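Residue numbers -4 to 258, in the working numbering, belong to the letters of the sequence shown in order.
For every residue, glycine included, the Cβ atom is placed at its ideal position computed from N, Cα and C.
Nothing here was measured: the structure is a model prediction, and the numbers come from that model.
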Amino acid sequence: MIAQFAIRLICGMSLAWCLTPRRQITDGFFRIQMLITLGLSVLACLAHLGGWNNSIPQMAGEPGSAWGIHTHTWLCGATAIVAYVGSFTWALGRRRIGTVCIVLITALALVLLVQSARTASSTSLPMSLMVVASELSTALLLGAAMVSMLLGHWYLTATGMPLAPLKRLNLVLGVATLLRIALAIIGFVLIGGLPESDHQRLLLSLRWLAGLVSPLVVVVMVSRILEYRNTQSATGVLYVGVVLILTGELTATLLAHELSMPV
């Protein structure tokens, strides 16, 4: 679970970089992003090597499968190496090579995320597509929120940057939230409605309030605040949004294990 969450963050953050007008953002921001990715990749490697992520062997199939635990570890290691190289290239202002590193990290993260989403129990194609779509939307939601919040902090030092990148990321956050809501509704339909136990209903309420409704409120608030060019206040709202989204997605992960369906 630790490795999977780290992979979700890496994938979502890299997708957010690809959807952001990078030319309007200073090089130092992406250097820090690369260092964060390096740390998350190393965490995922350690989680695999230490056996803290029990879902990978089941998702990958047989122990000797080509997509077993060792392959995931090597892919996480490759992501860490690319992020390490990327931190130097962005520090030196080599934007073209840095962009190549972004593309490589995105590709590696997508492979890791999609392969990790394969479960041994979900043999049907519709169920497999549902799980993959849920993982991708979760990654985009987490990544957009995290990168938006960090970019808001970056405006405190790079005060001359235009607001277009932050506005774009806020739009991506809104789209990712709507996509996540749509997939959660589909999950409800597939499981036949609300769960029966009070425990699961409590988790479901927390999941919707913190992880789905709150991000929409955050998007609207940030959009209004940016009309006054107040990036500091927008960053504070985004920080709260990150905490709520993390809470909602962690709750969704617990519910998905209990209900055998992404919600």
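Rounded C-beta distance between residue i and residue j? I'm assuming under 8 Å.
i: Leu164; j: Val142; result: 6 Å
i: Ala1; j: Leu33; result: With 8 Å as the limit, Ala1 and Leu33 do not qualify as a contact, their Cβ atoms being about 11 Å apart.
i: Trp149; j: Ile97; result: With a Cβ gap of about 16 Å, Trp149 and Ile97 do not count as contacting.
i: Ile92; j: Ala78; result: So it is not a contact: roughly 13 Å between Cβ atoms.
Report the residue from the options whose alpha carbon sits nearest the alpha carbon of residue i.
i: Gly155; options: Val213, Thr226, Leu35; result: Thr226
i: Leu145; options: Ala39, Leu35, Gly231; result: Gly231
i: Met125; options: Ala159, Ala177, Leu158, Ser209; result: Ala177
i: Leu105; options: Cys71, Thr94, Pro121; result: Cys71
i: Ser218; options: Ala73, Leu158, Gln19, Ala179; result: Leu158
i: Thr133; options: Arg202, Ile20, Pro160; result: Arg202
i: Gln(-1); options: Ser119, Arg224, Ala112; result: Ala112
i: Ile129; options: Ile180, Asp22, Leu199, Val95; result: Sequence inspection shows Ser at residue 129; the Ile mentioned does not correspond to that position. Ranking the options by Cα distance to Ser129, first place goes to Ile180.
According to DSSP, is residue i part of a helix, a strand, or is it coil?
i: Gly188; result: coil
i: Pro58; result: In this prediction, Pro58 has a pLDDT of 40, which is less than 50 and means its spatial position is unreliable; nothing more can be read from the coordinates.
i: Met29; result: helix
i: Val258; result: coil
i: Glu253; result: helix
i: Ser119; result: coil
i: Arg89; result: coil
i: Asn225; result: coil
i: Tyr150; result: coil
i: Gly155; result: coil
i: Met216; result: helix
i: Leu241; result: helix
Can you find at least 3 beta carbon pairs, one from the stretch 79 to 94 and one from the stretch 21 to 33, that sit closer than 8 Å? These segments touch.
So, does the stretch 5 to 18 touch the stretch 132 to 151, judging by three or more C-beta pairs under 8 Å? Yes, since at least three Cβ pairs between the stretch 5 to 18 and the stretch 132 to 151 fall closer than 8 Å, the two stretches touch.
For the pair the stretch 196 to 213 and the stretch 164 to 174, tell me if three or more CB-CB distances fall below 8 Å. A contact is defined here as three or more CB-CB pairs under 8 Å, and the stretch 196 to 213 meets this definition with respect to the stretch 164 to 174.
Does the contact criterion of 3 or more C-beta pairs under 8 Å hold for the stretch 190 to 201 versus the stretch 238 to 257? Yes, the stretch 190 to 201 touches the stretch 238 to 257.
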